[in-house]
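My numbering applies: residue 10 is where the sequence shown begins, and numbers increase by one. Glycine included, each C-beta is placed from N, C-alpha and C at the ideal position. The structure displayed is predicted, hence computed values, not measured ones. First the structure, in the form of structure tokens, and then the observations on it.
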Amino acid sequence: MLNFALGPVMSSDLIIEIGAQQTPYFRTPEFSQVTLENERLMKELLGADEKSRVIFLTGSGTAGMEATVMNVFNKDDNVLVVNGGGFGQRFVDLCELHEIPCESLDIQFGHCLTQEMLDEYNNKEFTAFLVNICETSSGVYYDLDMISKFCKENNLLLVVDAVSSFLADPLNMVEQNVDVVITGSQKALACPPGISIITLSEAAIKRVESTKCKSMYFDLNDMLINGIRGQTPYTPAITILLQINARLNQLKDDGGIDTEIKRISDLANDFRAKIKEFPFEIKCPCLSNAVTTVHSNEIIETNLVEVLKNEYDIWVSTARDDLSKSMIFRVGHMGDLTPEDNDKLIDALRDMQKRGLF
């Protein structure tokens with residue numbers, strides 16, 4: 010199968026080979042060194058400073074979101090949440106579940122965040138700002154430089170869910186004053202799902218240390234303490250951490266984050282140029298490099314996602330019918346993909362068009 014879905018994505022042979030090996034015992038100095046190296050390499054890729062820390066939490070991206078809400082915030086906070094789709098709403102739901110006061114900055118699905126929208130929330134006594142920087146349900150990328158400036162002017166702790174955006178779009182924790190970055194193993198890291206990665210600035214660490222987390226498994230302070238020695242409180246997804254280590258070293262050897270961002274950007278631009286021959290439309294002017302959201306000019310009765318999967322061995326991501334009737338599929342550009350793979354998807358769409366499926 011050729012995988013253009015938004016996670017899990019295509020893994021390289023190197024990652025697949027590690028996954029086929031026996032899972033080792035992990036309470037060893039050797040595994041501790043792997044974990045410590047993972048932390049160092051993640052900090053380098055994110056532009057984090059020396060005092061920041063990285064937590065490898067066994068769970069999906071949502072686990073990272075929930076652990077962050079539980080450990081970084083309390084009832085004295087007042088959090089502003091960008092809500093432009095399914096994952097923005099998830100942050101709102103998590104804040105409400107854990108009784109963290111929050112306000113939802115609602116954005117119409119598929120639309121960009123503007124300075125005028127932010128200006129309405131100046132000097133409103135918020136303490137923090139939460140954003141899914143790539144709203145994966147729509148593909149929208151929110152302007153992080155603009156958000157960073159707003160947070161700095163209003164003295165807000167900035168939490169960025171970069172699960173889809175990490176390695177696809179620029180992000181530098183120091184330069185953009187980001188306090189928490191959440192990402193996962195199954196997106197541009199191109200490993201299997203199962204590890205959520207939370208990177209904390211010094212300010213965020215202090216919040217974690219002063220917050221009483223009412224959870225045993227999601228207690229980030231416990232994870233920080235164990236992480237000093239390169240370990241976790243409980244059994245982690247060991248093999249995935251080994252795969253992450255191989256992938257991080259591969260990224261470093263290949264030129265680092267700028268090289269990977271350019272590669273993904275080039276793939277996205279290549280696909281977006283080629284899709285123009287069809288009666289489809291790319292409506293959003295602020296898409297992430299990670300994903301292209303494809304709309305049709307009219308309602309299509311054929312389920313193109315199912316046809317691609319069942320008849321052409323190609324995975325693309327489904328659309329949410331409740332959000333946009335004209336949105337038919339989303340194409341990811343993360344993972345072990347090439348421009349030639351884009352051609353295979355385009356050829357499949359040409360054949361479907363000849364068959365009168367759209």
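Would you say residue i and residue j are within 9 Å of each other, going by their C-beta atoms?
i: residue 300; j: residue 145; result: yes
i: residue 302; j: residue 147; result: yes
i: residue 64; j: residue 209; result: yes
i: residue 278; j: residue 178; result: no
i: residue 67; j: residue 241; result: yes
i: residue 167; j: residue 156; result: yes
i: residue 159; j: residue 131; result: yes
i: residue 109; j: residue 133; result: no
i: residue 92; j: residue 127; result: no
i: residue 236; j: residue 69; result: no
i: residue 206; j: residue 51; result: yes
i: residue 14; j: residue 89; result: no
i: residue 194; j: residue 253; result: yes
i: residue 154; j: residue 295; result: no
i: residue 99; j: residue 79; result: no
i: residue 260; j: residue 268; result: yes
i: residue 346; j: residue 19; result: yes
With respect to the alpha helix (DSSP H) encompassing residue i, which residues constitute its N-terminal and C-terminal limits?
i: residue 41; result: 38 to 55
i: residue 213; result: 211 to 219
i: residue 73; result: 70 to 81
i: residue 113; result: That residue, residue 113, is in no alpha helix (DSSP H); its beta strand (DSSP E) goes 111 to 115.
i: residue 359; result: 348 to 363
i: residue 126; result: 124 to 128
i: residue 101; result: 95 to 106
i: residue 234; result: 229 to 236
i: residue 319; result: 313 to 321
i: residue 28; result: 22 to 28
i: residue 160; result: 153 to 162
i: residue 254; result: 247 to 262
Name the two residues that bound the continuous beta strand (DSSP E) containing residue i.
i: residue 190; result: 189 to 193
i: residue 65; result: 62 to 67
i: residue 137; result: 137 to 141
i: residue 174; result: Run containing residue 174: none; DSSP gives neither H nor E here.
i: residue 278; result: From DSSP, residue 278 is part of no beta strand (DSSP E) but of the alpha helix (DSSP H) over 266 to 283.
i: residue 169; result: 166 to 170
i: residue 89; result: 88 to 92
i: residue 336; result: 336 to 341
i: residue 297; result: Residue 297 -> no beta strand (DSSP E), and no H or E assigned at all.
From residue i to residue j, what does the alpha carbon distance come to, in whole angstroms?
i: residue 228; j: residue 265; result: 31 Å
i: residue 169; j: residue 54; result: 15 Å
i: residue 17; j: residue 351; result: 18 Å
i: residue 323; j: residue 356; result: 11 Å
i: residue 314; j: residue 95; result: 20 Å
i: residue 77; j: residue 316; result: 39 Å
i: residue 21; j: residue 200; result: 9 Å
i: residue 56; j: residue 181; result: 5 Å
i: residue 211; j: residue 354; result: 45 Å
i: residue 61; j: residue 285; result: 44 Å
i: residue 281; j: residue 36; result: 47 Å
i: residue 361; j: residue 243; result: 49 Å
i: residue 129; j: residue 140; result: 17 Å
i: residue 87; j: residue 107; result: 13 Å
i: residue 47; j: residue 112; result: 35 Å
i: residue 58; j: residue 289; result: 44 Å
i: residue 11; j: residue 358; result: 14 Å
i: residue 143; j: residue 255; result: 25 Å
i: residue 283; j: residue 231; result: 49 Å
i: residue 161; j: residue 30; result: 47 Å
i: residue 330; j: residue 239; result: No answer about residue 330 holds up, because its pLDDT of 48 lies below 50 and its placement is not dependable.
i: residue 163; j: residue 135; result: 8 Å
i: residue 118; j: residue 226; result: 34 Å
i: residue 318; j: residue 262; result: 34 Å
i: residue 343; j: residue 101; result: 27 Å
i: residue 81; j: residue 233; result: 13 Å
i: residue 292; j: residue 305; result: 10 Å
i: residue 45; j: residue 125; result: 43 Å
Take residue i as the anchor and find which of the options has the nearest alpha-carbon.
i: residue 328; options: 337, 322, 320, 321; result: 337
i: residue 196; options: 349, 39, 340; result: 340
i: residue 43; options: 248, 136, 359, 364; result: 248
i: residue 275; options: 232, 289, 348, 118; result: 348
i: residue 364; options: 320, 343, 345; result: 320
i: residue 33; options: 183, 367, 246, 120; result: 246
i: residue 120; options: 104, 149, 101; result: 149
i: residue 369; options: 125, 250, 291; result: Given that the chain is displayed from residue 10 to residue 367, the structure contains no residue 369 and the question cannot be resolved.
i: residue 270; options: 198, 224, 325, 305; result: 198
i: residue 116; options: 97, 105, 104; result: 97
Per the contact definition of three or more C-beta pairs closer than 8 Å, is the region 202 to 221 in contact with the region 21 to 37? The region 21 to 37 vs the region 202 to 221: no contact.
Taking 8 Å as the cut-off, does the region 176 to 192 touch the region 201 to 216 (at least 3 CB pairs, one atom from each stretch)? Verdict: yes, contact present.
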